[in-house]
Amino acid sequence: ETAVFQTPNYHVTQVGNEVSFNCKQTLGHDTMYWYKQDSKKLLKIMFSYNNKQLIVNETVPRRFSPQSSDKAHLNLRIKSVEPEDSAVYLCASSLGGKGNTLYFGAGTRLSVL
Amino acid sequence: SQLAEENLWALSVHEGESVTVNCSYKTSITALQWYRQKSGEGPAQLILIRSNEREKRNGRLRATLDTSSQSSSLSITATRCEDTAVYFCATETNSAGNKLTFGIGTRVLVRP
């Protein structure tokens, strides 16, 4: 099966802790993304990578850092989480270039207590 | 209709009826995509319509694009309960990274 896989599905943690989310795509795509979806369903791009190179880095707090070991993997680390980080984090991949479809994973729901 | 600054809209229809979701945007675009997100899943693309196209169909789905009024619509005919989802439009511009900017989304509930 080819798709975008995210782990974990859910994560509950306390303020100040560090968390890491994993994303792997088996679609052979060159570009991967992290989006944040808030409680109102608004989707905002955080980062995108093309062949392990960062190409989009939106204005996100410095405690967020993407990590890419190869073009099939893009992880997201949050150092010292804050309550406003509670959201669903969605990973996606695409062929890159214009007019391409984004294929999303099911998301990781983060709850910060 | 969807704009990033607005709250999530909601529409309710009965199975078999048609429903139309609207989207407006503020910048010059190269393409617009429609996505559907079912509960517990990530968004999935339904239709991609380029800036030089006016209409695109995909089965029961029909998308229109009016670049002069910077608006798009997605119509679903003969709705089914499984069409219940949040529908997003997403715009693509010439900016670096080919990133998509998503609208706020419209929740569509199809009742039996």
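These protein sequences, in sequence, are chains A and B. For the first sequence, position 67 matches number 67 in the numbering used here, and the numbering has no gaps at all. Just add 1000 to the spot in the second sequence (first one is 1) and you have the numbering used here. All residues carry an ideal CB built from backbone N, CA and C; glycine is no exception.
{"Query": "Cβ-Cβ distance between Gln1033 (chain B) and Leu1011 (chain B) below 7 Å", "Result": "no"}
{"Query": "Interfacial residues, the region 1020-1048 of chain B to chain A, with Cβ spacing under 9 Å", "Result": "Thr1030, Ala1031, Gln1033, Tyr1035, Gln1037, Gly1040, Glu1041, Gly1042, Pro1043, Ala1044, Gln1045, Leu1048"}
{"Query": "CB contact below 7 Å: Thr101 (chain A) versus chain B", "Result": "yes"}
{"Query": "Simplified DSSP state of Pro1112 (chain B), which is helix, strand or coil", "Result": "coil"}
{"Query": "Buried versus exposed call for Asn53 (chain A) [16 or more other C-beta atoms within 10 Å across all chains shown]", "Result": "In the sequence as displayed, the identity of residue 53 (chain A) is Gln instead of Asn. Exposed, since its Cβ has fewer than 16 Cβ neighbours within 10 Å."}
{"Query": "CB contact check: Gly105 (chain A) to chain B, cutoff 7 Å", "Result": "yes"}
{"Query": "Straight-line gap, Leu90 (chain A) to Phe1102 (chain B) (C-alpha atoms, nearest Å)", "Result": "13 Å"}
{"Query": "Within-7 Å CB hit, Gly1105 (chain B) to chain A", "Result": "yes"}
{"Query": "Residues that Val15 (chain A) bridges to, as DSSP identifies them", "Result": "Answer by DSSP bridge pairing: none, since Val15 (chain A) is not bridged."}
{"Query": "Where the beta strand (DSSP E) through Tyr1035 (chain B) begins and ends", "Result": "1031-1037"}
{"Query": "CB contact check: Val1110 (chain B) to chain A, cutoff 7 Å", "Result": "no"}
{"Query": "Neighbour list for Leu90 (chain A) in chain B, Cβ cutoff strictly below 8 Å", "Result": "Gly1042, Pro1043"}
{"Query": "Lys1056 (chain B) at chain A interface by Cβ criterion, 7 Å", "Result": "no"}
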